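Enquirer:
In this note's numbering, the protein residues as written are 56 to 514.
1. Give me the residue from 409, 146, 452, 407 with the minimum Cα distance to residue 167.
2. Does DSSP put residue 245 in a helix, a strand or coil?
3. Pairing CB atoms from the segment 241-250 with CB atoms from the segment 105-120, are three or more of them under 8 Å?
4. Cβ of residue 388 within 9 Å of Cβ of residue 179?
5. Helix, strand or coil: which one does DSSP assign to residue 179?
6. If contact is defined by three or more beta carbon pairs under 8 Å, each pair taking one atom from either stretch, is the segment 310-329 in contact with the segment 417-435?
7. Taking contact to mean at least 3 C-beta pairs separated by less than 8 Å, is the segment 374-392 in contact with the segment 343-363?
8. Would residue 189 pass as a contact of residue 62 if the rule is Cβ separation under 9 Å?
9. Have a look at residue 469 and residue 391 and give me their C-alpha separation to the nearest angstrom.
10. Taking all protein chains shown into account, decide if residue 318 is buried (16 or more other Cβ within 10 angstroms of its Cβ) or exposed.
11. Within 10 angstroms of the Cβ of residue 75, are there 16 or more other Cβ atoms? Answer buried if so, exposed if not.
12. Using DSSP with H/G/I as helix, E/B as strand and the rest coil, what is residue 65?
13. Is residue 108 near residue 294, with beta carbons less than 9 Å apart?
14. Pull up the distance between the alpha-carbon of residue 177 and that of residue 438, whole angstroms please.
15. Nearest by alpha-carbon distance to residue 292: which of 421, 65, 92, 440 is it?
16. Taking the alpha helix (DSSP H) that residue 204 belongs to, which residues open and close that run?
17. Taking Cβ to Cβ, would you say residue 289 is nearer than 9 Å to residue 213?
18. Would you mind giving the Cβ-Cβ distance between residue 417 and residue 182, rounded to the nearest angstrom? I have them listed as a contact below 8 Å.
19. So, helix, strand or coil for residue 471, using DSSP?
20. Express the C-alpha separation of residue 229 and residue 204 in angstroms, rounding to a whole number.
21. Go ahead and pull the three-state DSSP assignment for residue 383.
22. Measure the alpha-carbon distance for residue 140 versus residue 79 and round it to whole angstroms.
23. My output table needs one value for residue 409: the three-state DSSP class, helix, strand or coil.
24. Could you tell me the boundaries of the alpha helix (DSSP H) in which residue 268 lies?
25. Give me the Cα-Cα distance between residue 267 and residue 425, rounded to the nearest whole angstrom.
26. Just the Cα atoms here: how many angstroms apart are residue 464 and residue 276?
27. Quick one: what does DSSP say residue 83 is sitting in, helix, strand or coil?
28. Is residue 160 near residue 93, with beta carbons less than 9 Å apart?
29. Would you kindly work out how many angstroms separate the C-alpha atoms of residue 379 and residue 401, rounded to a whole number?
30. How big is the Cα-Cα spacing for residue 12 and residue 105?
31. Looking at residue 320: is its Cβ nearer than 9 Å to the Cβ of residue 206?
32. How many angstroms separate the CA atom of residue 384 from the CA atom of residue 236?
33. Can you tell which of 406, 413, 397 has its C-alpha closest to the C-alpha of residue 128?
34. For a quick check, are the C-beta atoms of residue 305 and residue 407 less than 9 Å apart?
35. On the DSSP letters alone, give me the boundaries of the alpha helix (DSSP H) that residue 127 sits inside.
36. Between 334, 216, 164, 136, which has its C-alpha nearest residue 103's C-alpha?
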């Protein structure tokens, strides 16, 4: 198979993608139902919605790096099977509480916290598992297709959730989500383990070694730092979209589903566009895409009406996924395979672990200045962060450029940067994929969002 879907020729990845489409669609249905239920129980309280969102992502701050360590030490397929089974049980319990009429706000908060603990392990394992299924050559395409099926699920899930909430209530949506986890469990158990691209497990993998590997690599530090700022301030759509729909436009559940679907449709287009990528994107690509995202989110915050909001949010969804995918590919394809689980755990920690703070901050802004402020402020901060990253990227490129006037020492480097190699820790020079590639596929052996079970931070 060739073209944008060439990774689907791999049986294991094809099974995994099919299971994920069903499971993630159920997850996004659950997100819509959960947010709607919180607003219904609290008389449209942005603060309460922010607290529940923070509880769901708070465990990522404490446990995600541990999840990356597990990914480098143990069977990823088994870890994913156990995590999805536990998530199904949690969703079933919450659905029973809602259908029985006994649900309270603290029940939802407790469920969100428990699911966050599971996701802290599941997300970094899932991201790093992609490389085991397809190998290094197909990794960029498989990663982009993963974003595509997540975006497809975000298109289908919220739209169906809006219809089901209006017709049957939130409890049945949550029950359907519990059943959807089984699709991933079945797909994982149907795989052929002998066809996985497994490297030798690190029996003594340490979190600190992964952190040292990242800190020795400026080309990894810059996209991670930019992700931290944009994730904290700009990627809080799980909170801003329901508030915008209900408090600004007075939308019902059906209309809220449409608004969320418009955002997800733009994300899907971006994911399909990035399937054409065959190598590691440049640092400039990451920074410029963040710049575009900041501009579009700011404009979307000033949408004059519901139709305009749908169009602008669709464009914002495109920019958000394009940026996140560019950063993801630059980090994955540039990291040493031995540390990849821990590196992607740090990626997950930054993208999703910032959600508790972002949700609380956005909720505070929305309570005092209205729902639009979350989008406007988030977009402006993302824009400023991208400008700062662009200046750093240019300065780094200038400092490492050959100097024709340099002394004839054979190095071809400027005097101000001549000591760069001597300052680089030894682990930065070890193993394949640790040097900065020149826009070509990184020579990696195997390669884990997002999301984001992400919910991918882009909603």
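Every residue gets a Cβ at the ideal spot worked out from N, C-alpha and C, and that includes glycine. Please read these numbers as outputs of a predicted model, since none were measured by experiment.
Expert: Taking the coordinates as given:
1. Closest option to residue 167, Cα to Cα, is 146.
2. coil
3. no
4. Not in contact: residue 388 and residue 179 (Cβ atoms no closer than 9 Å).
5. helix
6. no
7. yes
8. Going by beta carbons, residue 189 and residue 62 fall inside the 9 Å limit.
9. Reliability of the predicted coordinates at residue 469 is poor, the pLDDT of 35 falling under 50, and the value obtained from them is presented with this limitation in mind. For residue 469 and residue 391, the distance between alpha carbons rounds to 28 Å.
10. That one is buried.
11. buried
12. coil
13. Taking 9 Å as the Cβ cut-off, residue 108 and residue 294 qualify as a contacting pair.
14. When the Cα atoms are used, residue 177 and residue 438 turn out to be separated by approximately 31 Å.
15. 421
16. 194-222
17. no
18. 25 Å between Cβ atoms; not a contact.
19. The predicted position of residue 471 is uncertain, since its pLDDT is 35 and thus under 50; a value taken from the coordinates is nonetheless stated next. DSSP places residue 471 in helix when its eight states are reduced to three.
20. 21 Å
21. helix
22. Rounded to the nearest angstrom, the two C-alpha atoms are 14 Å apart.
23. Three-state DSSP puts residue 409 in coil, outside helix and strand.
24. 262-270 is the span of the alpha helix (DSSP H), which, as asked, contains residue 268.
25. 42 Å
26. Note that residue 464 has pLDDT 38, beneath the 50 cutoff, so the model's placement of it is unreliable and the number below is only indicative. So the two alpha carbons sit approximately 30 Å from each other.
27. helix
28. yes
29. 14 Å
30. Beyond the ends of the chain as shown, which are 56 and 514, falls residue 12; an answer cannot be given.
31. yes
32. 27 Å
33. Residue 128 has its Cα closest to that of 397, out of 406, 413, 397.
34. no
35. 101-128
36. The option with the nearest alpha carbon to residue 103 is 164.
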